[in-house]
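These notes are about the structure you will find just below.
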Amino acid sequence: MKYYLIYGKQTSEDFIYDINQIGHINDYKKFYPEKGFEIIKKLIDLNESVILNKIKIESEDHKEKYNIQEFIDFLSKHKIKIITQ
């Protein structure tokens with residue numbers, strides 16, 4: 001399942017942009033981060049709470065919706081696979 005970052009007035013039509021793609025979870029409960037995940041990490045590191053509070057996260061099937069804290073809690077149940085280039 002893929003997960004996407006929605007900021008402000010963005011909609012699911014913005015899912016095509018790589019900065020909106022947070023990552024995906026495979027059948028083995030491993031999370032593979034993408035560019036949107038790096039953006040979220042950076043905002044957390046910079047303590048940008050005003051921006052973070054405007055971010056919503058949605059699954060590709062639109063059935064799962066999270067705020068940042070809920071998504072972090074959700075991810076804590078999965079292994080995060082870091083891919084080095």
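Per our numbering, residue 1 is the first one in the sequence shown, and the count goes up by one each step.
For every residue, glycine included, the Cβ atom is placed at its ideal position computed from N, Cα and C.
Can you have a look at residue i and say buried or exposed, based on whether 16 or more other CB atoms are within 10 angstroms of its CB?
{"i": "L94", "result": "Residue 94 lies beyond the range of the chain shown here (1 to 85); nothing can be said about it."}
{"i": "G23", "result": "buried"}
{"i": "N53", "result": "exposed"}
{"i": "I82", "result": "exposed"}
{"i": "Y70", "result": "The displayed chain sequence assigns Glu, not Tyr, to residue 70. Exposed, because fewer than 16 other Cβ atoms sit within 10 Å of the Cβ of E70."}
{"i": "G8", "result": "exposed"}
Just reading off the beta strand (DSSP E) that residue i is part of, what are its end residues?
{"i": "S59", "result": "55-59"}
Within this structure, are the beta carbons of residue i and residue j separated by less than 8 Å?
{"i": "N47", "j": "K56", "result": "no"}
Could you please give the first and the last residue of the uninterrupted alpha helix (DSSP H) stretch that includes residue i?
{"i": "G36", "result": "35-45"}
{"i": "Q10", "result": "Run containing Q10: none; DSSP gives neither H nor E here."}
Please check if any C-beta of chain C sits within less than 8 Å of the C-beta of residue i.
{"i": "I39", "result": "In the displayed structure, chain C is absent; only one protein chain is listed."}
Assuming residue i contacts residue j (C-beta within less than 8 Å), just tell me the rounded distance between them.
{"i": "K35", "j": "I25", "result": "At roughly 16 Å, the Cβ-Cβ gap does not stay under 8 Å, so K35 and I25 are not in contact."}
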